[in-house]
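Undergrad:
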Amino acid sequence: MIAAIIVCAAVTYSLRLFPVLLAHRFRDREDLREISALLPAGLMLILVAYTLLEADSGVQLSRLILAAVISVIVNVVSKNFLIAFIAGFAAYSLSGLFL
Amino acid sequence: MSSDKGTLTWALRVTVPVAMGYLPLGMAFGAYTVSLGFAPYLAPLTALVVFAGSIEFLLVGLVSAGAGLVQIAVTTLLVNSRHVFYGFSYPTHLLHSPFAKFYGPYALTDEAYALINSGVRPTTQHELMLIQGISQFYWVFGAAVGAVAGGLIPESFDGFDFALTGLFTLLFISALSAATQRGTIVLAALASIAVGLLLPRDLFLLGAMLCYAVLCVVLVKRPRRSRSRITKGGA
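Here the protein sequences come in this chain order: A and B.
The opening position of the first sequence corresponds to residue 1303 in the numbering used here, with each subsequent residue numbered one higher.
The opening position of the second sequence corresponds to residue 37 in the numbering used here, with each subsequent residue numbered one higher.
Dropping the structure here:
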C-alpha cells in the first residue's frame, strides 16, 4: 500500500508540476485545450461503469444504479453537489433494507 | 474588497465552499478505506501524500483488488491528466520561496484551481499558500475522522460502497454540463466502455480509458489536418 501511495503521489505531482514549469510554452496550444475539454466527462463515465462492474451481485448493481439516478435527479433540482451526494448515499443505504 | 485579506480568518472564510466538499468527502474516503480492511492511519496518510480526491478512492480500491504498480501509475496518469491544464492558469509568479515552489503545484487540486481562478484571486505567496494549506487540512482531517468513525460502523452496513459510484456520477454530470460537445463525449465514452468490456475484467479500466484518450485525440486532430499542414512551418 505504501508503494502504491508513493507511485500515485509521484504521478499526480508530475502532472501538476510540469505544466506550471512549462506554462509559457504550451499556454496557446489550441489542440491541447480542446482535448482537455473532452477528457474529464468521458473518463468519469468510464469510471462510473467501472464501479458498476465491481458490484458483488445483481441486487447491489440495481441499488447502485437506483441511488445514482436519485442523486442525479436531486443534483438537477438542487444544483448542490453535497445534497445530491447525501441523497444518493441515503437512497443506497435505505434500499439495502428492502432489496 | 476585504481589509483582512491574508489573515487566517479571511482564509477560513473564502475556503468555506472547499470545506463543504472536502470534509464530508474526506470522511467518506476515510470510512471507505477502513471498510476495505486497511489500517485507519492509511486514510489520512494517503490524503496527505496524494491529495487528489477521486483517485484516492480508486487507489485504495485498486490496491485491495490486488492491482500492480504499473496499473496504478497508468490509471493515475489518465484520471489525473486533467490537472495538466490547471498549471497553465496558475499564478506561478507569486511563488518565491523553495517551499512555495514545491507546495503550490503539489496542492493544485480541482477545488484549489476553481478557488484561485474564481472569486478569491490571491495576490501574494502568503495568501496562495494559506488557502491551499487550509484546503488540504480539511481533506486530511476529514479522512482521519472518517477512518476513526468508520471503525465504529457495523460491518453489515455497506453504504460506503456507493461513495465511488455517487462521486463519479456527479463528477460526470458536472463535467458534462461544463462541456460543449456532449453527444460526442457520451458516444465516445460508451464506445470505449464497449471496447473495455471485450477485454479481460482486470484490464477494463485501463483499456477503456486509453481507448477514450485516443478517440479524443483523433476527434480533435482530424478536422484540422489540412490546417496543421499549413502552420507546421511556424512551429
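Quick reminder that beta carbons are idealized off the backbone N, C-alpha and C, glycines included.
Can you name, in chain order, every residue of its own chain whose Cβ lies under 8 Å from the Cβ of Tyr139(B), other than the five neighbours on each side?
TA: Mapped onto the second sequence, residue 139(B) falls at position 103. Around Tyr139(B): Met165, Gln168 and Gly169.
Undergrad: Apart from the five residues on each side of it in sequence, which residues of its chain come closer than 7 Å, Cβ to Cβ, to Ile12(B)?
TA: Summary: the structure shown does not reach residue 12(B), with chain B confined to residues 37 through 271, and so no result is reported for it.
Undergrad: Provide the residue span of the alpha helix (DSSP H) that contains Gln107(B), from first to last.
TA: What you label residue 107(B) is simply residue 71 of the second sequence in a count that begins at 1. Start and end: Leu105 to Val115.
Undergrad: May I have the straight-line CA-CA distance separating Trp46(B) from Ser1338(A), to the nearest angstrom?
TA: Sequence index remark: in the second sequence, residue 46(B) carries index 10 (1-based). Sequence index remark: in the first sequence, residue 1338(A) carries index 36 (1-based). Taking the straight line from one Cα to the other gives about 33 Å.
Undergrad: Taking Cβ-Cβ distances shorter than 7 Å, what residues in chain A pair up with Tyr248(B)?
TA: Taking the first residue of the second sequence as position 1, residue 248(B) is located at position 212. Per Cβ cutoff of 7 Å: Gly1344, Leu1345 and Ile1348.
Undergrad: Determine, for Leu1317(A), whether the minimum Cβ-Cβ distance to residues of chain B falls below 7 Å.
TA: The residue labelled residue 1317(A) in the question sits at position 15 within the first sequence. Output row for Leu1317(A): interface = yes.
Undergrad: Measuring alpha carbon to alpha carbon, tell me which residue in Lys41(B), Pro53(B) and Leu72(B) is nearest Ala199(B).
TA: Numbered from 1 along the second sequence, position 163 holds the residue referred to as residue 199(B). With distances taken between Cα atoms, Ala199(B) lies closest to Leu72(B).
Undergrad: Do Gly186(B) and Ala75(B) count as a contact pair if the criterion is CB distance below 7 Å?
TA: For the purposes of this step, residue 75(B) is taken as residue 39 along the second sequence, with counting starting at 1. For the purposes of this step, residue 186(B) is taken as residue 150 along the second sequence, with counting starting at 1. Result no, Cβ atoms of Ala75(B) and Gly186(B) do not sit closer than 7 Å.
Undergrad: Using Cβ-Cβ distances below 7 Å, what residues of the segment 1379-1393 of chain A are close to chain B?
TA: Of all residues in the segment 1379-1393 of chain A, Phe1383, Leu1384, Ala1386, Phe1387, Gly1390 and Phe1391 have a Cβ within less than 7 Å of some Cβ in chain B.
Undergrad: For His132(B) and chain E, any beta-carbon pair shorter than 7 Å?
TA: Absent here is chain E; the protein component of the structure consists of chains A and B.
Undergrad: Determine, using beta carbons only, whether Asn1377(A) and Leu226(B) come nearer to each other than 7 Å.
TA: For this step, residue 1377(A) is matched to residue 75 along the first sequence. For this step, residue 226(B) is matched to residue 190 along the second sequence. Contact: no.
Undergrad: Which residue spans inside the segment 197-256 of chain B form an unbroken alpha helix (DSSP H) run of at least 4?
TA: Here the runs fully enclosed are 198-214 and 218-234.
Undergrad: If the cut is a Cβ gap below 8 Å, which residues of chain B does Val1361(A) touch?
TA: Against the first sequence, residue 1361(A) aligns to sequence position 59. What Val1361(A) touches in chain B: nothing, since even the nearest Cβ is about 11 Å away.
Undergrad: Between Thr82(B) and Thr1314(A), how many whole angstroms is the CB-CB distance? I'm expecting something under 8 Å.
TA: If you number the second sequence from 1, residue 82(B) lands on position 46. If you number the first sequence from 1, residue 1314(A) lands on position 12. Not really, about 11 Å apart at Cβ, beyond 8 Å.
Undergrad: Could you check where the alpha helix (DSSP H) with Met165(B) kicks off and where it finishes?
TA: As a first step, residue 165(B) must be located in the second sequence, where it is residue number 129. Note, Met165(B): alpha helix (DSSP H), Gln161 to Gly186.
Undergrad: Could you name the residues of chain A that Val85(B) contacts, counting a contact when the two beta carbons are closer than 7 Å?
TA: As a working mapping, residue 85(B) is identified with position 49 in the second sequence. Simply Ile1307 and Ala1311.
Undergrad: Enumerate in chain order the residues of its own chain whose CB-to-CB distance from Tyr248(B) is below 7 Å, with the five nearest sequence positions on each side excluded.
TA: Translated into positions along the second sequence, residue 248(B) becomes position 212. Counting only Cβ-Cβ distances below 7 Å, and skipping sequence neighbours, we find Ala224, Ala225 and Ser228.
Undergrad: Starting from Leu72(B), trace the alpha helix (DSSP H) both ways and give me its first and last residue.
TA: Residue 72(B) sits at position 36 when you count from the first residue of the second sequence. Looking at the DSSP string, Leu72(B) is not in any alpha helix (DSSP H), and its letter there is neither H nor E.
Undergrad: Going along chain B in order, which residues have a C-beta closer than 8 Å to the C-beta of Leu1340(A)?
TA: Residue 1340(A) sits at position 38 when you count from the first residue of the first sequence. The contacting residues are Ala215, Gln217, Thr220, Ile221, Ala224, Cys252, Leu255 and Val256.
Undergrad: So, with DSSP's three-state summary, where would you put Val86(B)?
TA: Position 50 of the second sequence, counted from the start, is the residue given in the question as residue 86(B). It is coil, neither helix nor strand.
Undergrad: Hey, is Val1376(A)'s beta-carbon within less than 7 Å of any beta-carbon in chain B?
TA: For the purposes of this step, residue 1376(A) is taken as the residue at position 74 of the first sequence. No, no contact with chain B.
Undergrad: Using a Cβ-Cβ cut-off of 7 Å (strictly less than) and excluding sequence neighbours within five positions of Val156(B), which residues of its own chain qualify?
TA: Against the second sequence, residue 156(B) aligns to sequence position 120. Cβ within range, chain order: Val50 and Ile167.
Undergrad: Counting pairs of Cβ atoms below 8 Å between the segment 139-154 of chain B and the segment 1349-1364 of chain A, do you hit three or more?
TA: Not touching, per the Cβ criterion.
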